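Let me begin by presenting the structure, written as structure tokens, before commenting on it.
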Amino acid sequence: TWTTGNIVEEQVAAIRAQVGDKRAICGLSGGVDSAVAAALVQKAIGSQLTCVYVDHGLMRKGETEQVEKDFVAATGVQLKVVDAQERFLAALAGVSDPETKRKIIGREFIRVFEQAQAEIIAEAEGGPEVAFLVQGTLYPDVVESGGGTGTANIKSHHNVGGLPDDIEFQLVEPLRQLFKDEVRMVGQELGLPDEIVHRQPFPGPGLGIRIVGEVTKERLDLLREADAIAREELTAAGLDREIWQCPVVLLADVRSVGVQGDGRTYGHPIVLRPVSSEDAMTADWTRMPYEVLARISTRITNEVKDVNRVVLDCTSKPPGTIEWE
Ligand code: XMP
Numbered sequence: 206t207w208t209t210g211n212i213v214e215e216q217v218a219a220i221r222a223q224v225g226d227k228r229a230i231c232g233l234s235g236g237v238d239s240a241v242a243a244a245l246v247q248k249a250i251g252s253q254l255t256c257v258y259v260d261h262g263l264m265r266k267g268e269t270e271q272v273e274k275d276f277v278a279a280t281g282v283q284l285k286v287v288d289a290q291e292r293f294l295a296a297l298a299g300v301s302d303p304e305t306k307r308k309i310i311g312r313e314f315i316r317v318f319e320q321a322q323a324e325i326i327a328e329a330e331g332g333p334e335v336a337f338l339v340q341g342t343l344y345p346d347v348v349e350s351g352g353g354t355g356t357a358n359i360k361s362h363h364n365v366g367g368l369p370d371d372i373e374f375q376l377v378e379p380l381r382q383l384f385k386d387e388v389r390m391v392g393q394e395l396g397l398p399d400e401i402v403h404r405q406p407f408p409g410p411g412l413g414i415r416i417v418g419e420v421t422k423e424r425l426d427l428l429r430e431a432d433a434i435a436r437e438e439l440t441a442a443g444l445d446r447e448i449w450q451c452p453v454v455l456l457a458d459v460r461s462v463g464v465q466g467d468g469r470t471y472g473h474p475i476v477l478r479p480v481s482s483e484d485a486m487t488a489d490w491t492r493m494p495y496e497v498l499a500r501i502s503t504r505i506t507n508e509v510k511d512v513n514r515v516v517l518d519c520t521s522k523p524p525g526t527i528e529w530e
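Under full-length UniProt numbering, read the sequence shown as residues 206 to 530, first letter to last.
Here you go:
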């Protein structure tokens, strides 16, 4: 019979059989899939696994700490954190076009991740070969991509001496038979923190695509504060299940006149984009309580410097996408 405990036991045995005494690498994104996949592999092969977390500086408040502290505490995993914030900011300087931002973030991410991979392989020199790459592929991903392949060709960096140009990894995909809700149950069974297990969807490019305009350190800090306030109030109001996700967007290129304290201000608007959805392909804007909206608006305009207006995005998908960029 089907239980979450069985899935864990079965997968642990299968991972041990697949990996043997070799070593594996897993990239952590802060999301539920990679976290549960890593926790399963960690349970199976312990110190033969090294996880990599690229801190691109585009995460929300507390999310990097969740990975660095809570995930490590819950799993005991060996974690390599790469602080790449400066690098991402430099690469994004002067860029406002959404697609260009996405491409830059994706490109930098792969470069930093491959560099970390190469370092792990170099450090393992003389020991068991690093031959496996762990991925949090779910059943719907397998179906969508028509079956999947089982290997990944990763181009390594040429500036790390002594490595072959192409390292062929075999994939370990312990979630291939599971749906999202089952993944969450497995994560719970493995003792992962609730904040990770019940995390709402969050885009890979992070807050970089929630600033309309150029991404700068100051704007990221400002948006992080506004987002933290919105999330805190939505959670306090018990709306985390009803709302699929609520992007908080900074219109950095827009200013409007306001009055705060005893003076005129000329600040930026923050957009709240609460949506209800089944699969993010279509979505409706969430008719959430006015009192909660009022609380979020009051707090953001009081507590976040340079924000003097909060607006609600009441557009469905289609025609609007969930994210603004
Ligand atoms: P849109 O904006 O296309 O978003 O309606 C649909 C869902 O996908 C998420 N999203 C992303 N997730 N990388 C991701 O991992 C991305 O580049 C990305 N862009 C959008 C979005 O948050 C929503 O859940």
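C-beta: ideal position from N, C-alpha, C; glycine also.
It should be emphasised that the depicted structure is a prediction, and the values quoted were computed from it without experimental measurement.
In the three-state DSSP reduction, residue 410 falls in the coil class, being neither helix nor strand.
Judged by DSSP in its simplified three-state form, residue 482 adopts coil rather than helix or strand. Ranking 411, 472, 217, 518 by CA distance to the CA of residue 492 puts 518 first.
With 16 or more other Cβ atoms from the protein chains shown falling within 10 Å of its own Cβ, residue 238 counts as buried. Around the C-beta of residue 340, 16 or more other C-beta atoms lie within 10 Å, and the residue is accordingly described as buried. Counting along the chain, the unbroken alpha helix (DSSP H) around residue 248 starts and ends at 237-250. Annotation: residue 436 is outside any beta strand (DSSP E); the continuous alpha helix (DSSP H) that includes it extends over 422-441.
Between residue 309 and residue 296, the CB-CB gap stays under 8 Å. Going by DSSP, residue 392 is part of the alpha helix (DSSP H) stretching over 385-394.
For residue 442, the CB contacts under 6 Å within the same chain, skipping 5 residues up- and downstream, are 497 in chain order. Using a C-beta cut-off of 8 Å, the stretch 214-221 makes contact with the stretch 243-260, since at least three inter-stretch Cβ pairs fall below that distance. Relative to the non-hydrogen atoms of ligand 1, the Cβ of residue 305 never comes closer than 7 Å to any of them. Close CB contacts of residue 271 within its chain, under the 8 Å cut and outside five residues either way in sequence, are with 235, 398, 400, 401 (chain order).
If you look at residue 498, you'll find it in the alpha helix (DSSP H) that goes 495-508. A distance criterion of 7 Å places the beta-carbon of residue 407 in contact range of ligand 1, judged by its closest non-hydrogen atom. Going by C-alpha positions, residue 298 is about 7 Å away from residue 419.
In this structure, the C-beta of residue 273 stays at least 7 Å away from each heavy atom of ligand 1.
If you check the CB distance, residue 412 and residue 263 come in under 8 Å. Taking residue 473 as the centre and dropping the five residues before and after it, the same chain places the C-beta of 455, 456, 457, 459, 460, 511, 512 closer than 7 Å to its C-beta, in chain order.
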